[in-house]
Amino acid sequence: MPTELLHALLLPSALLALVYVAWWVLFVLPVPYRLEQQEPSSTSDGQSHVRKVPLHQPASTLWLLGNTLDANTFQKDRYHDWLKEESERARWRPWLLTMLGEKPAIVLSTPEAFADVIQKQHDVFEKGPAKWELVRDFLGDGITAADGEIWRLQRKRISHLLLAPAALPFMAEVVSRQTRKLCAVVDTLMNEQRSFSLKKLFSSLTSDIFGEIGFGIDLGGMTAFASSDPNHPFLSSLVKVGKMLQARTQQPYWLWKLKRTLGVGVEKTGRQSLNVMHGIVNDVILKSMAREHGPERKDFLSQIVWMSREVVNKY
52 MPTELLHALL LPSALLALVY VAWWVLFVLP VPYRLEQQEP SSTSDGQSHV
102 RKVPLHQPAS TLWLLGNTLD ANTFQKDRYH DWLKEESERA RWRPWLLTML
152 GEKPAIVLST PEAFADVIQK QHDVFEKGPA KWELVRDFLG DGITAADGEI
202 WRLQRKRISH LLLAPAALPF MAEVVSRQTR KLCAVVDTLM NEQRSFSLKK
252 LFSSLTSDIF GEIGFGIDLG GMTAFASSDP NHPFLSSLVK VGKMLQARTQ
302 QPYWLWKLKR TLGVGVEKTG RQSLNVMHGI VNDVILKSMA REHGPERKDF
352 LSQIVWMSRE VVNKY
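For what it's worth, this note's numbering labels the leading residue of the sequence shown as 52, then goes sequentially.
#1: Rounded C-beta distance between Asn123 and Pro109? I'm assuming under 8 angstroms.
#2: Cutting at 8 angstroms between CB atoms, please list the residues of its own chain near Thr161, excluding the five before and the five after it.
#3: For a quick check, are the C-beta atoms of Asp198 and Glu177 less than 8 angstroms apart?
#4: From Met328 to Pro220, what does the alpha carbon distance come to, in whole angstroms?
#5: Give the straight-line distance between the Cα atoms of Leu296 and Leu309, rounded to the nearest whole angstrom.
#6: Can you tell me the Cβ-Cβ gap for Val335 and Phe247, rounded? I've got them flagged as a contact below 8 angstroms.
#7: For Arg140 and Glu163, I'd like the C-alpha separation in whole angstroms.
#8: Could you pull out every residue in the same chain whose Cβ sits closer than 6 angstroms to the Cβ of Asp121, ignoring the five residues on either side in sequence?
#9: Would Trp146 and Glu137 be called neighbours here (beta carbons separated by less than 8 angstroms)?
#10: Taking a contact to mean a Cβ-Cβ separation below 8 angstroms, would you say Met273 touches Leu286 in this structure?
#11: Who does Trp114 pair with in a DSSP beta bridge?
#12: Per DSSP, what kind of secondary structure is Met162 in: helix, strand or coil?
#13: So the beta strand (DSSP E) Trp146 belongs to, where does it begin and stop?
#14: Buried or exposed for Ala217, going by 16 or more other Cβ atoms inside 10 Å?
#15: I need the boundaries of the alpha helix (DSSP H) containing Asn123, first residue and last residue.
#16: Should Lys308 be listed as close to the ligand HEM, given that the test is whether its C-beta is under 7 angstroms from any heavy atom?
#17: Check Ala181 in the structure and name its three-state DSSP category.
#18: Between the Cα of Met340 and those of Gln302, Trp307, Ile268, spot the shortest distance and give me the residue it belongs to.
#19: Whose CA, out of Pro284, Leu240, Leu213, lies closest to the CA of Ala277?
#20: Can you tell me whether DSSP reads Ala156 as helix, strand or coil?
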């Protein structure tokens, strides 16, 4: 065991993480963060002006550690509730969240701030390499993870698919059919007087709709849910991957990367679940591509294959 641990620590990514931590501890952490925001104020004679005030920080913020223990220990199982409570204490203004070895994060909590970041100033607030690295194992270069030119290319491709004349009627037909199946599953479970999780059932509905619209194949999530074993392998793996990604957001960048290198905790189960999901998706894609593709097939994969063949035949 000590030999295996030493070998893991000698891996390039592990060494890089250790150097990264040492650099932050020696040169960056000793410098306290003090970020300010502007807010309107008025003097005793009624004159209005703008003053600078420091951003709110949780009372539990520690020197060097910042809010690392809050996110990983004290508030680990109620992280979003804690973020909401701190946002309320900050009077819904931006506030400062810090972790060991991480750059400070600004927490936003109002629709107006979300609109600025996500919509109005999207080009300014890019996801960045750290965010991409966090979800890359799961989303790759997909539109929800990419930035810049890759994001624009993905958006252009998706827009062509969604704006196709037959896209909306096809999606409406799939959603309607799968919703009727959902009602039938609920009737079956009620008649058998079986308790069930609505969250898992709606997740099964979502995956079946996604599979049919994207690949033209029913993933069978709701069928499995109605059976004696409701744990569909794809959905079960998706839940475990979600737990892994959530754990990453609550840990310093260097810490979860080190855990991924060593293959411990949720990083280990998450990696295993990702392999299961990739196997299922690859199998679905291969089955879908083995069929005949043409303009009469409306699922997105068939449309992409058909359009690609049209371009090849044209030239």
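For glycine and all other residues, C-beta sits at the position ideal for the given N, C-alpha and C.
The relevant details are as follows:
#1: Not confirmed; about 14 angstroms, so no contact.
#2: So the qualifying residues of the chain are Trp143.
#3: Taking 8 angstroms as the Cβ cut-off, Asp198 and Glu177 qualify as a contacting pair.
#4: Distance from the CA of Met328 to the CA of Pro220, rounded to the nearest whole angstrom, comes to 29 angstroms.
#5: Leu296 and Leu309 have their C-alpha atoms roughly 15 angstroms apart.
#6: Not confirmed; about 25 angstroms, so no contact.
#7: Pairing Arg140 with Glu163, the inter-Cα distance amounts to about 18 angstroms.
#8: Ser111.
#9: For Trp146 and Glu137, yes; Cβs fall inside 8 angstroms.
#10: No; because the gap between Cβ atoms is not below 8 angstroms, this pair is not in contact.
#11: In the DSSP output, where bridge partners are listed per residue, Trp114 has none listed.
#12: This sequence places Pro at residue 162; Met is not what is there. In the structure shown, Pro162 falls within a helical segment according to DSSP collapsed to helix, strand and coil.
#13: Looking at the DSSP string, the run of the beta strand (DSSP E) that includes Trp146 is 146-148.
#14: Answer is exposed; the Cβ neighbour count stays below 16.
#15: Segment: none, Asn123 is in no alpha helix (DSSP H) and carries neither H nor E.
#16: Ligands are entirely absent from the displayed structure, and the ligand HEM is therefore not among its contents.
#17: The answer is helix: DSSP assigns Ala181 an H, G or I state.
#18: Ranking the options by Cα distance to Met340, first place goes to Ile268.
#19: Residue Leu240 holds the alpha-carbon nearest to the alpha-carbon of Ala277 among Pro284, Leu240, Leu213.
#20: Under the three-state reduction of DSSP output, Ala156 falls in the strand class.
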